[in-house]
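**Q** Note that the protein sequences, when read in sequence, are chains R and B. Heads up: the first sequence begins at 3 in this note's numbering, then just goes up one per residue. Heads up: the second sequence begins at 3 in this note's numbering, then just goes up one per residue.
There are 2 protein chains.
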Amino acid sequence: MVRNDYIVIIMVIEVENVALTRSEKRAEKTRKKLEISALSVFTEYGLDATTIDDITQRADVGKGTFYRHFKDKYEVATILVGRAIDELILRLQKDGYRPGSLTEALEHLLDAHYRFFVDESDKFILLFQGRLLVKLDRKISEQMEGPYNLYLEAMEQMLSPFVGEKIDSMKMRRLACAVAGFVFGFFSFAMIGMGLDEVETSIQPLRQSFVRSLSSFLGHFPNEQR
Amino acid sequence: MVRNDYIVIIMVIEVENVALTRSEKRAEKTRKKLEISALSVFTEYGLDATTIDDITQRADVGKGTFYRHFKDKYEVATILVGRAIDELILRLQKDGYRPGSLTEALEHLLDAHYRFFVDESDKFILLFQGRLLVKLDRKISEQMEGPYNLYLEAMEQMLSPFVGEKIDSMKMRRLACAVAGFVFGFFSFAMIGMGLDEVETSIQPLRQSFVRSLSSFLGHFPNEQR
DNA sequence: GTCATTCCTGACCATTTGGTCAACATATTT
DNA sequence: AAATATGTTGACCAAATGGTCAGGAATGAC
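Here you go:
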């Protein structure tokens, strides 16, 4: 029989770009080039209208290389959407900021979205497209609902400390949808005939009103300061 | 010389489907089939992803027939978007309804959008897509900004009686963008994990809050009843 | 240095798609 | 009914696109 039993634990710790061979680094670099190019082309032409050639040409990379890294354009898109959502969520939760009231929390949410829209407009547009495609494209639908649910849940978690335990989850979900919808929708329409600077000055007064309305939606007084 | 002078007035009155030859009626019928099919396919696959074959097959019509009626799929899309916008505007202005206050006007706007979303969800989705493509697709961009501007202007006209003359047009535009953005955006996100019935019950309390926020944005008290 | 491995390339082929057109079908005129 | 006009069809071709692969370049092991 077996005399000595060993428990072998192999810990694989991924450390960014360390302990990578030069080959791997090179591959990583071209992969990154492809991702950046894809994001750029997606936002410019739209996901469906984009071809693999568009991506590889803008990345200055051979066509075959694309297929070494990704199965098709939908795989890149899914990865990019997932990452953009993560980044947006991170901004929402940033720097251990703990809002003192519901009003503050909502203002923080709107601000974070706005800054994301300004700083990373490409990713913002991509998310907007992706959101749309959920109900449209057969190939990509299932893999993409997930990220948007994570996003809505993240917002709900941010706001939950400020609403009574009794608030049902459905009302919470409505609130999150309202924030997400308002932000994405407003920026989308604001792009008609407004410059980026005008959008900035436009969102400020609206933010205030919108925050007040959502607070009252949850049954708080507009000016409560708990 | 001429003895008697006659003023001849020829009035050409277009009456729907009357005074059309049978040939023209037939053509009109297949054109309609193509339009209906195109709307259906656009909302299902997305504009960029649909092919002419998709449209003609669903319309049960030969491929060449499509090109007898339209230049390409973008021409159909432009026509459909323009018509859908017209219909939406008509709903906004419907039945000579004259709201008595800003609050009423805003509530009416949100209701009309909601009913349009429910009754004509295909057209709603198409408009949402079209709005997106404005900043995306090179081929279709110019022809499509127009309708959306008409739409925003229509909303501004609905609301203008209730704001002082001194309200600058920029603020008016922001208000319209807020309404449009909120409505389109909310429904878009509400489609994640909500049934149509849940969306209906969700929009009602939000409507109230949103109306209040927009009223306060214009400097009115939330409960003014002028 | 040589050899093996990993990664990249773009010419190449198969499929899809946009768009045309001669033939056909239906309607109108004479 | 014959001739003309209008509308429809789907086979057909050219262009665009997805996807492959033998060969080349960079890297790693020896």
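Backbone N, C-alpha and C define an ideal beta-carbon position, used for all residues, glycine too.
Are the CB atoms of T67(R) and T58(R) within a distance shorter than 8 Å?
**A** The residue given as residue 58(R) occupies position 56 in the first sequence. The residue given as residue 67(R) occupies position 65 in the first sequence. By the CB criterion at 8 Å, T58(R) and T67(R) fall inside the cutoff.
**Q** Tell me the rounded alpha-carbon separation between A107(R) and Y47(R).
**A** Residue mapping note: residue 107(R) aligns to position 105 of the first sequence, counting from 1. Residue mapping note: residue 47(R) aligns to position 45 of the first sequence, counting from 1. Approximately 36 Å, taken between the alpha carbons.
**Q** Can you have a look at G183(B) and say buried or exposed, based on whether 16 or more other CB atoms are within 10 angstroms of its CB?
**A** For the purposes of this step, residue 183(B) is taken as residue 181 along the second sequence, with counting starting at 1. Label assigned to G183(B): buried.
**Q** Could you name the residues of chain B that S42(R) contacts, counting a contact when the two beta carbons are closer than 8 Å?
**A** For the purposes of this step, residue 42(R) is taken as residue 40 along the first sequence, with counting starting at 1. Residues of chain B whose Cβ lies closer than 8 Å to the Cβ of S42(R) do not exist, since the nearest Cβ in that chain is about 12 Å away.
**Q** Compare the C-beta of S218(R) with all C-beta atoms of chain B and state if any pair is closer than 8 Å.
**A** Within the first sequence, residue 218(R) is the residue found at index 216, counting from 1. Closer than 8 Å: yes.
**Q** What is the DSSP secondary structure of T58(B), reduced to helix, strand or coil?
**A** Against the second sequence, residue 58(B) aligns to sequence position 56. In the three-state scheme derived from DSSP, where H, G and I count as helix and E and B as strand, T58(B) is classed as helix.
**Q** Please classify T203(B): is it buried, with 16 or more other beta-carbons within 10 angstroms of its beta-carbon, or exposed?
**A** Taking the first residue of the second sequence as 1, we reach residue 203(B) at position 201. Exposed, since its Cβ has fewer than 16 Cβ neighbours within 10 Å.
**Q** State buried or exposed for D50(R), treating a residue as buried only when at least 16 other CB atoms are found within 10 Å of its CB.
**A** Numbered from 1 along the first sequence, position 48 holds the residue referred to as residue 50(R). Result: buried.
**Q** Taking the alpha carbon of L216(B) as the reference point, which residue from F164(B), L198(B), V201(B) has its own alpha carbon closest?
**A** The residue labelled residue 216(B) in the question sits at position 214 within the second sequence. Answer by Cα proximity: F164(B).
**Q** Report the residue from M160(B), H115(B), L128(B) whose alpha carbon sits nearest the alpha carbon of V43(B).
**A** Along the second sequence, read from residue 1 onward, the residue named residue 43(B) stands at position 41. Taking the Cα of V43(B) as reference, the smallest distance to any Cα among M160(B), H115(B), L128(B) is reached at L128(B).
**Q** Against chain B, with Cβ distances strictly below 8 Å, would G48(R) count as a contact?
**A** For the purposes of this step, residue 48(R) is taken as residue 46 along the first sequence, with counting starting at 1. At least one chain B Cβ lies under 8 Å of G48(R).
**Q** Restricting to runs no shorter than 4 residues, where is the alpha helix (DSSP H) found entirely within the segment 99-139 of chain R?
**A** 104-121, 123-135
**Q** Under the rule that 16 or more other beta-carbon atoms within 10 Å means buried, what is R214(R), buried or exposed?
**A** Taking the first residue of the first sequence as position 1, residue 214(R) is located at position 212. So R214(R) ends up on the buried side.
**Q** In its own chain, which residues sit with a C-beta less than 7 Å from the C-beta of Q210(B), not counting the 5 before and 5 after it?
**A** Residue 210(B) sits at position 208 when you count from the first residue of the second sequence. For Q210(B), where only same-chain residues beyond five positions count, there are no Cβ hits under 7 Å.
**Q** Which residues in the same chain as L22(R) place their Cβ atom closer than 6 Å to its Cβ, once the five residues preceding and following it in sequence are excluded?
**A** As a first step, residue 22(R) must be located in the first sequence, where it is residue number 20. When the five nearest sequence neighbours on each side are left out, no beta carbon in the same chain lies closer than 6 Å to the beta carbon of L22(R).
**Q** So, for R60(R): in the same chain, excluding its five sequence neighbours on each side, which residues have a beta-carbon less than 8 Å away from its beta-carbon?
**A** Numbered from 1 along the first sequence, position 58 holds the residue referred to as residue 60(R). Contacts found: S39, S42, V43.
**Q** Is I54(R) close to chain B, meaning its C-beta is less than 8 Å from at least one C-beta of that chain?
**A** The count along the first sequence starts at 1 and reaches residue 54(R) at position 52. It does not; no Cβ of chain B falls within 8 Å.
**Q** Does the distance from the C-beta atom of F120(R) to that of L208(R) stay below 8 Å?
**A** Mapped onto the first sequence, residue 120(R) falls at position 118. Mapped onto the first sequence, residue 208(R) falls at position 206. At residue 120(R) the sequence reads Val, which differs from the Phe that was named. Going by beta carbons, V120(R) and L208(R) fall outside the 8 Å limit.
**Q** Should the segment 74-91 of chain R be regarded as contacting the segment 145-158 of chain R, the criterion being three or more beta carbon pairs within less than 8 Å?
**A** The segment 74-91 of chain R, when compared against the segment 145-158 of chain R, does touch it at the 8 Å Cβ threshold.
**Q** Beta carbons nearer than 9 Å to chain B: which residues of the segment 154-165 of chain R have them?
**A** For the segment 154-165 of chain R, which is checked against every Cβ of chain B, the residues closer than 9 Å are L154.
**Q** Does Y174(B) come out as helix, strand or coil in the three-state DSSP assignment?
**A** Walking along the second sequence from the start, residue 174(B) turns up at place 172. Here residue 174(B) is Met; the residue named in the question, Tyr, does not match the sequence. M174(B): helix per DSSP, three-state reduction.
**Q** Using a cut-off of 8 Å between C-beta atoms, extract the partners of I303(B) located in chain R.
**A** Chain B is shown from 3 up to 228; residue 303(B) falls before or after that span and cannot be answered.
**Q** Using only alpha-carbon positions, find the residue among S171(B), G132(B), G187(B) that is nearest to G84(B).
**A** The count along the second sequence starts at 1 and reaches residue 84(B) at position 82. Answer by Cα proximity: G132(B).
**Q** Do you know offhand how far S25(B)'s Cα is from H71(B)'s?
**A** Sequence index remark: in the second sequence, residue 25(B) carries index 23 (1-based). Sequence index remark: in the second sequence, residue 71(B) carries index 69 (1-based). The alpha-carbon atoms of S25(B) and H71(B) are separated by roughly 14 Å.
**Q** With burial defined as no fewer than 16 other Cβ atoms inside 10 Å of the residue's Cβ, what is the status of A160(B): buried or exposed?
**A** Translated into the one-based positions of the second sequence, residue 160(B) becomes position 158. Residue identity check: residue 160(B) is Met in the sequence provided, not Ala. It is buried - the Cβ of M160(B) has at least 16 other Cβ atoms within 10 Å.
**Q** Counting contacts by CB-CB distance shorter than 8 Å, is R214(R) in contact with chain B?
**A** Taking the first sequence and counting its residues from 1, one reaches residue 214(R) at position 212. Output row for R214(R): interface = yes.
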